[in-house]
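What follows is a single structure, written as C-alpha cells, with notes after it.
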C-alpha cells in the first residue's frame, strides 16, 4: 500500500491521478489535514489518513499497513525540516519498506544562495541515516512557477528579473507527478536518486521569445540588478521574506544551479517532457 502525503496539494494530486489510473484505489492512502478537501479521493476509494507533519500520533496512525511512503516536502515554514524528520521517524517506527522524498535538482547544494533549498538535502541526509530504503526525486523548478516570477501583466511589462543569463531546465509539475507515480508502482526501492528535469535548459530570453511567438506581442527580458530589484519589491510592499527568497531563486539561476539536464524524467514518463513553448501555453493559458 502506498501513502501519499500532501495529497490535496498540486503535486500530490498529480501523483494520485496517475496512480488511480494504473492501480487499484484500495492500494492507495492519502495523508490529509482536511477530509472535506479530499472528499473526491475518498469517493474513488482512496483511504484517508487524517493528520499533519506536526502531529506525531497522527503520523503513527497514518503509517499503519503502509509499504511505501511519498513524503512531499513541506512549504516555507520555519519548522519544515523538523516536520520532514517527523515523517521519516514515523515511517521507520512503522517498518515502512520504502520512503520516497521530493527533493530539488540543483547543481551544487553546497553553494546555494537560496537557503530555503538547503533543507531538502538535510532531509535526504536524515533519510539515508535512518536506514530506510529510499527514492529521492530531485525536481527542477516547476515550469508552473513562471507566471509567479514574470508577473501577471508580462505581455505589457516584459520580464525584469535578476537572473542574468542563467538557464533552467523547466518541467511541468503534472509530468513530474506522473513520473513519480510510475516509479512508485515499480516493485523495487533501490536507494536511487532521480533527476527530474526538462530535456533542455532555457534562459529568460528564451521565455520572452516563446511568449512573443505565441501571443504576437513583443516581450523582452531585462536582466535587473539584484539590489535595485529588491528595492523595487520593497517599495511595492512585498514582505521581506518573499523578497529574500525571490532574490535567492534568481541568484541560483544566474549561477547555473537549475541548468542541469537529465533524461530521467523522459525515461520515467516513457516520452519526452513538454517543450518550453507547449508548457508556456499551458501555464499562461494561451
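Numbering (full-length UniProt numbering), first residue to last: 1 to 286.
Cβ atoms here follow ideal geometry from the backbone N, Cα and C, with glycine treated the same way.
With a CB to CB cut of under 7 Å and the five nearest residues on each side skipped, what residues in its chain are close to residue 91? Same-chain partners within the cutoff: 63, 69, 99, 132.
Residue 157 to residue 116, Cα distance in whole Å? Taking the straight line joining both Cα atoms gives about 29 Å.
Nonlocal neighbours in the same chain, by C-beta distance under 7 Å from residue 74, ignoring five residues either side: Cβ neighbours of residue 74 beyond the five flanking positions: 53, 80, 83, 84.
Assigned secondary structure, residue 285 (DSSP; H/G/I helix, E/B strand, else coil): Of the three classes helix, strand and coil, the one that applies to residue 285 here is coil, per DSSP.
Report the CB separation of residue 162 from residue 247 in whole angstroms; it is logged as a contact under 8 Å. Rounded to the nearest angstrom, the Cβ distance from residue 162 to residue 247 is 7 Å, consistent with a contact under 8 Å.
Figure out for me which residue from 202, 182, 21, 76 has the closest Cα to the Cα of residue 194. Residue 182 is the option with its Cα nearest to residue 194.
According to DSSP, is residue 202 helix, strand or coil? Of the three classes helix, strand and coil, the one that applies to residue 202 here is strand, per DSSP.
Nearest to residue 94 (by Cα), restricted to the options 27, 1, 236, 198: Checking every option, the nearest Cα to that of residue 94 belongs to 1.
By a C-beta neighbour count over all protein chains shown, 10 Å radius and 16 as the cutoff for buried, is residue 239 buried or exposed? By the neighbour-count rule (16 or more Cβ atoms within 10 Å), residue 239 is not buried but exposed.
List, from N- to C-terminal side, the alpha helix (DSSP H) runs of 4 residues or more that fit wholly inside the segment 11-77. Listed in chain order, the complete alpha helix (DSSP H) runs (minimum 4 residues) inside the segment 11-77 are 39-43, 56-62.
Taking all protein chains shown into account, decide if residue 222 is buried (16 or more other Cβ within 10 angstroms of its Cβ) or exposed. That one is exposed.
Are three or more beta carbon pairs between the segment 195-211 and the segment 167-181 nearer than 8 Å? Contact holds between the segment 195-211 and the segment 167-181, because three or more Cβ pairs, one in each stretch, are under 8 Å apart.
For residue 92, name the three-state secondary structure that DSSP assigns. Correct three-state label for residue 92: helix.
Would you list the residues sitting across from residue 103 in a DSSP beta bridge? Residue 103 is bridged by DSSP to 138.
When you compare each of 33, 142, 59 to residue 265 by their alpha carbons, which one comes out closest? Per the Cα distances, 142.
Grouping DSSP H, G and I as helix and E and B as strand, with all else coil, what is residue 173? Helix, per DSSP.
Residue(s) in a DSSP beta bridge with residue 2: Note: residue 2 sits in a beta bridge opposite 28, 68.
For residue 41, collect the residues of the same chain with a Cβ closer than 6 Å to its Cβ; drop the 5 residues on either side in sequence, then sort them by chain order. Excluding sequence positions up to five before and after residue 41, its CB lies within less than 6 Å of the CB of 30, all in the same chain and listed in chain order.
For residue 289, which beta-bridge partners are listed by DSSP? With the chain covering 1 to 286 only, the question about residue 289 has no answer from this structure.
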